[in-house]
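In UniProt numbering, the protein residues as written are 1 to 120.
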């Protein structure tokens, strides 16, 4: 079943992330999109790179299938750029914080950089 493509804005990102809707999130990306993840395990000199909508779909399906809550706190838009912060929590109390910067092309995500940290 195909998911209708929706243009990306702060409200759409918030709805999809907080609703744990991986299919909707994946529909926001261009076919050749790149997501770069920077964290303790993937430092700035060697970030994790997720290329193409198929791989990005798998990425979001994994995240959205986890037993955790997601809250988008702040979104800021400027032309073809959108940034947001996200706070997450697992049932055991472990917290995750994420800041993301999106580069949009024709209203869809072409590039995304995620910087995240979590409780250890």
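Yeah, the Cβ is synthetic: ideal placement off N, Cα and C, and Gly gets one too.
Treat the numbers as computed from the prediction; the structure is a model and nothing was measured.
- Taken through DSSP and simplified to helix, strand or coil, residue 66 comes out as coil.
- Between residue 112 and residue 98, the beta carbon gap of about 11 Å keeps them out of contact (Cβ cut-off 8 Å).
- Taking a cut-off of 8 Å on C-beta distances, the segment 29-42 touches the segment 105-120, as three or more cross pairs fall below it.
- Within the same chain, Cβ atoms closer than 7 Å to the Cβ of residue 74 are found at 84, 85, the five residues on either side in sequence being excluded.
- Residue state for residue 7 is assigned as coil, using DSSP reduced to three classes.
- Per the DSSP secondary-structure output, residue 81 pairs in a beta bridge with 78, 103.
- Pairing residue 59 with residue 35 gives a Cβ-Cβ distance under 8 Å.
- With distances taken between CA atoms, residue 30 lies nearest to 55 out of 71, 55, 91, 68.
- At a Cβ-Cβ threshold of 8 Å, residue 49 and residue 81 do not count as neighbours.
- For residue 105, the closest alpha carbon among the candidates 28, 22, 90 is that of 28.
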